[in-house]
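Protein chains: 2
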Amino acid sequence: MPAAVLFAPGSEDPTEWVPALAAALPGTRVYAVGDSFDAEEVEVAIVAPSAAGVLRGLPSLRLVQSLWMGVDELLTAPGLPADVPIARMVDSGMTREMPEAALAHVLYLHRAHDVYARQQRAREWRQWPQPAATNRSVGVLGLGELGARTARLLAEHGFRVHGWSRTPKRIDGVATHTDLNAVLAASEILVNQLPLTAETRGLLDARRLAVLPAGACVVNLARGAHLIEADLLTMLDRGHLRHAVLDVFAEEPLPPNHPFWTHPAVTVLPHVAAWSSLESCLPVAVENIRRLRAGEPLLHLVDRERSY
Amino acid sequence: MPAAVLFAPGSEDPTEWVPALAAALPGTRVYAVGDSFDAEEVEVAIVAPSAAGVLRGLPSLRLVQSLWMGVDELLTAPGLPADVPIARMVDSGMTREMPEAALAHVLYLHRAHDVYARQQRAREWRQWPQPAATNRSVGVLGLGELGARTARLLAEHGFRVHGWSRTPKRIDGVATHTDLNAVLAASEILVNQLPLTAETRGLLDARRLAVLPAGACVVNLARGAHLIEADLLTMLDRGHLRHAVLDVFAEEPLPPNHPFWTHPAVTVLPHVAAWSSLESCLPVAVENIRRLRAGEPLLHLVDRERSY
Chain A
1407 MPAAVLFAPG
1417 SEDPTEWVPA
1427 LAAALPGTRV
1437 YAVGDSFDAE
1447 EVEVAIVAPS
1457 AAGVLRGLPS
1467 LRLVQSLWMG
1477 VDELLTAPGL
1487 PADVPIARMV
1497 DSGMTREMPE
1507 AALAHVLYLH
1517 RAHDVYARQQ
1527 RAREWRQWPQ
1537 PAATNRSVGV
1547 LGLGELGART
1557 ARLLAEHGFR
1567 VHGWSRTPKR
1577 IDGVATHTDL
1587 NAVLAASEIL
1597 VNQLPLTAET
1607 RGLLDARRLA
1617 VLPAGACVVN
1627 LARGAHLIEA
1637 DLLTMLDRGH
1647 LRHAVLDVFA
1657 EEPLPPNHPF
1667 WTHPAVTVLP
1677 HVAAWSSLES
1687 CLPVAVENIR
1697 RLRAGEPLLH
1707 LVDRERSY
Chain B
1407 MPAAVLFAPG
1417 SEDPTEWVPA
1427 LAAALPGTRV
1437 YAVGDSFDAE
1447 EVEVAIVAPS
1457 AAGVLRGLPS
1467 LRLVQSLWMG
1477 VDELLTAPGL
1487 PADVPIARMV
1497 DSGMTREMPE
1507 AALAHVLYLH
1517 RAHDVYARQQ
1527 RAREWRQWPQ
1537 PAATNRSVGV
1547 LGLGELGART
1557 ARLLAEHGFR
1567 VHGWSRTPKR
1577 IDGVATHTDL
1587 NAVLAASEIL
1597 VNQLPLTAET
1607 RGLLDARRLA
1617 VLPAGACVVN
1627 LARGAHLIEA
1637 DLLTMLDRGH
1647 LRHAVLDVFA
1657 EEPLPPNHPF
1667 WTHPAVTVLP
1677 HVAAWSSLES
1687 CLPVAVENIR
1697 RLRAGEPLLH
1707 LVDRERSY
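Heads up: the sequence lines are chains A and B, in that order.
Terminal number for the first sequence in the working numbering: 1714, no gaps in between.
Terminal number for the second sequence in the working numbering: 1714, no gaps in between.
Printed below as a string of structure tokens:
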């Protein structure tokens, strides 16, 4: 019986993906959830976290290829088999767009465009001193595929970049640290690009936000659960923090009655910092299937202990 | 009688500039407007446009060094002698900060942050398709010291950049044109970096704005007089244009009752895209005085015919 691929999407369109996968994997049957197929035939499942329930009862499964880079939701999904390798999606869509989003937000805050937006609402014409990028310290939390690229792009632009990761890293032009407080204390603008794990959940709480310099700004592009939202609001209202740009939230879509919507010091974005497309993801999944079948090392394998 | 320098500032602080100039020009007397000095002694005047009246009656004047890059206002100032060379200020503050401001605004519009800001006001969670920078065409009007650097920076970031100048230019990675309509028609985001001259005054009128693609955005970082403000408002209200980021205005400060302040599709900035500082400007002025005295070619001389 030939080894088959099961496609279990979230918002991805199976009518585009299934034929494209079939074309890229000649001789392989490709099924979408809802098709009729023999469970014993499925060798690889390409899944979004919301569809992880299909992973139950696939006795021949040898690889779970995530459609998402962040696997925090997938790892806690009921039905995830305990002993099958899981690969994250690290695609060019995500790795190109996330650093661009970070640069856009850092420039916005660096140039005080948030301050000028508030002044516009008050019809106030007032110029503020503007430091050069070379005199502006920016912190990046997380130096994985996304964080390292973001840190490098910001450094290329001229910012003084401090990066934090659990394990020591070397990135040209970036001061890297394993001491979180050293990075927080230096960050006039803080960009979160961490994976969501047991250690990073709730990391940005009142105690940690208080370590940021007075008037600092926060950019969260990773997961809402990294940040204690009530603590952020307190620090903004006290004036210790100047502004927050939030692309991710504890609950998404952000509930209509959430105070972030109307807070003058909060920019709300509907989880649009980076996105994966068929064009950027499909080649990564296909390459991992090729490697699986050739017995070669798989790309972007998840360490279940550290959760990424 | 030794040749003296007269410092005639606008908002620049003479108590900082005069001692710094004196220190950089040993043996040269440096006066500020209001000091008592012999008019026949003044060889060089370093002036802001608003102070150009002092240029009357300086019989030994050999150089007018502008404190501003844009000399449109200086060239029409009463008292400007007809036959003395005028040099523009082209300093590292301006040439570094202006392209950064352009990149900040282009990224803001490219990433639809204006659209998401409007959605935030309506508590609307909605994601829009996002093209890659490599599929986004940006136009730059003016390819002088600032425009060329802006065009290059945008191209390095990955945008498809079209640049317009009166005379043919070559810039790596930028499609340059002398046909204005070719650039306008290609510009999803248009950045104005032109000098203000008789030809460019009022350039961006209803007829020219109509050549931009539907849904285009305009960024004006040059002079308010380049743009017919009423025409821009009409094009925004009709929906032909999506958003305008304006750093400069026909009247500055922008009058409190101006419709731009409250227009949902207009970002008002108080002329902060780039600025000159003593640190960035003083070495340029001192170098031009050295060249003048050594009989060497002066930097950044203004052609009065073309007005820049």
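Glycine included, every Cβ here is placed at the ideal spot set by N, Cα and C.
All values reported here derive from a predicted model rather than from experimental measurement.
Contact under 8 Å by Cβ, residue i with residue j
i	j	result
A:G1621	A:E1658	no
B:L1627	A:A1510	no
A:L1473	A:P1415	yes
A:G1550	A:H1568	no
B:E1446	B:S1417	no
A:V1470	A:A1410	no
A:L1675	A:L1652	yes
A:W1534	B:L1660	no
A:T1606	A:H1632	yes
B:S1713	B:A1604	yes
B:P1505	B:L1559	yes
B:H1646	B:A1671	no
A:I1634	A:L1431	no
B:R1462	B:V1477	no
B:L1705	B:V1690	yes
B:A1451	B:L1480	no
B:L1389	B:Y1437	No answer is possible for residue 1389 of chain B: it lies beyond the span of chain B, which begins at 1407 and ends at 1714.
B:R1542	B:E1503	no
Short CB-CB distance (under 8 Å) between residue i and chain B
i	result
A:Y1768	Because residue 1768 of chain A is not part of the residues shown, which for chain A are 1407 to 1714, the question remains open.
A:W1681	yes
A:R1648	no
Cross-chain neighbours of residue i in chain A, by beta carbon under 9 Å
i	result
B:L1633	Within chain A, no residue comes near B:L1633; the closest Cβ sits about 18 Å away, beyond 9 Å.
Contact list for residue i against chain B, beta-carbon separation under 7 Å
i	result
A:W1667	Q1526, R1529
A:A1539	E1506
7 Å Cβ cut-off: residues of chain A touching residue i
i	result
B:L1509	L1513
B:L1660	W1531
8 Å Cβ cutoff, residue i in contact with chain A
i	result
B:R1517	yes
B:R1532	yes
B:P1676	yes
B:R1748	It is not possible to answer for residue 1748 of chain B, since the shown part of chain B is limited to 1407 through 1714.
Proximal chain A residues relative to residue i, where beta-carbon distance stays under 8 Å
i	result
B:Q1536	E1503, V1678, W1681
Assumed close pair residue i, residue j - CB separation to whole angstroms, cut-off 8 Å
i	j	result
B:M1475	B:V1453	Incorrect: roughly 13 Å between the Cβ atoms, too far for contact.
A:L1596	A:L1618	6 Å
B:T1556	B:A1508	4 Å
A:A1581	A:G1564	That belief does not hold up - the Cβ atoms of A:A1581 and A:G1564 are roughly 14 Å apart, past 8 Å.
A:R1648	A:C1623	5 Å
B:L1642	B:H1664	With 8 Å as the limit, B:L1642 and B:H1664 do not qualify as a contact, their Cβ atoms being about 14 Å apart.
B:G1499	B:A1680	7 Å
A:P1468	A:L1698	Per the sequence presented here, residue 1468 of chain A reads as Arg, with Pro not at that position. Right, their Cβ atoms sit about 6 Å apart.
A:P1599	A:L1547	Here residue 1599 of chain A turns out to be Gln, not Pro, going by the sequence shown. About 6 Å; that satisfies the 8 Å criterion.
B:V1490	B:V1460	Contact doesn't hold; Cβ gap of about 13 Å is too wide.
B:W1570	A:Q1526	No, B:W1570 and A:Q1526 are not in contact; Cβ-Cβ is about 29 Å, not under 8 Å.
A:A1612	A:D1637	4 Å
Where residue i meets chain D, residues with beta-carbon distance less than 9 Å
i	result
B:Y1522	Included in the structure are the protein chains A and B, with no chain D among them.
Starting from the N-terminal side, write out each stretch of the alpha helix (DSSP H) that is 4 residues or longer and does not extend beyond the segment 1624–1686 of chain A. 1635–1643
For the segment 1460–1538 of chain A, list the alpha helix (DSSP H) runs that are entirely contained and at least 4 residues long, ordered along the chain. 1478–1481, 1498–1516, 1519–1527
Quick one: complete alpha helix (DSSP H) runs, 4+ long, within the segment 1550–1585 of chain A? Correct list: 1551–1563.
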